[in-house]
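Residue numbers (our numbering): 1298 to 1544.
All C-beta atoms, glycine included, are put in the ideal place defined by N, C-alpha and C.
Here's the structure we're looking at; comments come further down.
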């Protein structure tokens, strides 16, 4: 989440977090050795250390889309942040193994290039995340906070003109995307596939709760996973969403 105000005279802020395996089939690995980068700033890279921890230094007042690459896992991108004078903390990557990526893509009908296995268009994933999980200081405590999803929420993805090019697919309680569900389960997951190139705003609604929105910068081949504790995280009563997630 947003860290303390940054007084760097060179007008830079840091982005930090952990890269770890998408928790499916008992895989709880942390991805030490993963390469972390910024799509808009290809010269900026870091290698994740123990526990998958990383830190990047990026210019302030800039839009940044972090990504992660790791052998055996499918590259993912995060939501697009706007750096605004504060470090960004707990910017985590939850990364699917290639086999998990293939299975989920098959279930939801994601179009893939037969030669590269990359998405032809783009996909977006996020989680309605409980506010109680946002404050952990230690990554292991965050990782063990399960289940962390919120049921009975609905998500909307729109382009700059307010159009929705695809319907959401919600994950069932067994962490499987299930076409036909009209709202989230206790898993909290939701996704969209086969999205045209463009910049989208994702918002959530619930009868009793409020959520942060986020910006998804979709480009051909890009799988965006707006991971907890960011993405569609639950706001505390009276809380405004941070400026860093403004679309």
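Relative to residue 1440, the option among 1474, 1504, 1391, 1539 whose CA is nearest is 1391. Residue pairing for residue 1489: DSSP places it in a beta bridge opposite 1421.
If you draw a straight line from the Cα of residue 1374 to the Cα of residue 1444, it is about 23 Å long. A straight-line Cα-Cα distance of about 44 Å links residue 1448 and residue 1307.
By the neighbour-count criterion, in which 16 or more other beta carbons inside 10 Å mark a residue as buried, residue 1525 falls on the buried side.
When 1365, 1528, 1331 are compared, the shortest CA-CA separation from residue 1512 is found for 1528. Considered as a whole, the segment 1382 to 1424 harbours 1383 to 1385, 1390 to 1392, 1419 to 1424 as its complete beta strand (DSSP E) runs of no fewer than 3 residues, in chain order.
Secondary structure note for residue 1511: its beta strand (DSSP E) is the uninterrupted segment 1511 to 1515. DSSP lists 1451 as the bridge partner or partners of residue 1502. Looking at the backbone, the Cα of residue 1389 and that of residue 1481 are separated by about 22 Å. The beta carbon of residue 1507 sits closer than 6 Å to those of 1532, all from its chain and outside the five residues before and after it, given in chain order. In terms of Cβ geometry, residue 1337 and residue 1310 do not form a close pair [threshold 8 Å]. Membership of residue 1440 in any beta strand (DSSP E) is not indicated; the residue belongs instead to the alpha helix (DSSP H) covering 1436 to 1440.
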